[in-house]
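See structure below.
Residue numbers (the numbering used here): 100 to 317.
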């Protein structure tokens, strides 16, 4: 799988199920700026910061040419970050696991449920079950994305990192296709694509400057 590159045409994301709105993709949204929010249902930071920000951006800018989409992914906690739990979120406002604990502690939930509805289209990342040993190409792609300066390090250090990456990848029961396609480092992450379909940003964590970036593209 060729990973996405900033400044180039954004590849089409890959999902297994649309649970709200859709189906759509970057090629169907030409002429609009697209914000793709990547989250996990078992991710407190996604619900404390990223999703509320995405909802606000949708409310303020959808009529001006912004399309916000959400993809629930899973790169860990495969028993919790499931399609079933995403459907519970969409249909009933239910949150689970660490998300439930953290939002409860912050007093955000109402009767144990999310107090707002996510208003934009939502889908589940396509998960492919791993049934083969990790190969050297997978390790090289992962290292290129996560440790781009590794080749400048001494050989013993490079070998240690390679073995750690191999062990990490072998523990993953599934491979999340969109998560890997955009070489994401965790959740929450956001992907920003301009009106011509060019990938402008692909970043992990919260970004207080996101709205100003979007306004510039609009």
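By construction, the Cβ of each residue, glycine as well, lies at the ideal position given by its N, Cα and C atoms.
Alpha-carbon to alpha-carbon, residue j and residue i
i	j	result
residue 206	residue 212	11 Å
residue 118	residue 225	13 Å
residue 203	residue 143	10 Å
residue 101	residue 282	10 Å
residue 257	residue 228	28 Å
residue 292	residue 191	31 Å
residue 188	residue 197	14 Å
residue 183	residue 127	27 Å
residue 181	residue 315	35 Å
residue 167	residue 209	25 Å
residue 161	residue 123	16 Å
residue 159	residue 216	16 Å
residue 251	residue 296	34 Å
residue 135	residue 307	16 Å
residue 177	residue 107	32 Å
residue 103	residue 300	10 Å
residue 259	residue 218	45 Å
residue 194	residue 290	24 Å
residue 236	residue 249	15 Å
residue 199	residue 254	44 Å
residue 214	residue 150	13 Å
residue 233	residue 145	29 Å
residue 273	residue 156	31 Å
residue 247	residue 262	16 Å
Cross-strand partners of residue i (DSSP beta bridge)
i	result
residue 170	137 and 222
residue 257	The partner list for residue 257 (beta bridge, DSSP) is empty, contrary to what the question assumes.
residue 119	221
residue 165	132
residue 228	273
residue 263	Partner(s): none; residue 263 has no beta bridge.
residue 114	224
residue 312	Beta-bridge pairing links residue 312 to no other residue.
residue 248	Per DSSP, none; premise fails for residue 248.
residue 127	Paired residues: none, contrary to the question.
Pair within 7 Å by beta-carbon distance, residue i and residue j
i	j	result
residue 185	residue 154	no
residue 148	residue 288	no
residue 105	residue 298	yes
residue 174	residue 302	no
residue 285	residue 221	no
residue 121	residue 294	no
residue 309	residue 164	no
residue 172	residue 278	yes
residue 223	residue 311	no
residue 132	residue 313	yes
Any C-beta of chain B under 7 Å from that of residue i
i	result
residue 128	The structure shown has no chain B; it contains just one protein chain.
Query raised in the report: Would you say the segment 247-266 touches the segment 107-119, given that touching needs at least three Cβ pairs under 8 Å?
Result: no
Report task. Entirely within the segment 271-304 and at least 4 residues each: give me those alpha helix (DSSP H) ranges in chain order. Result -> 276-280
Requested in this report: Any chance you could list the alpha helix (DSSP H) runs of at least 4 consecutive residues sitting entirely within the segment 182-226, in chain order?
Outcome: 182-191 and 196-204
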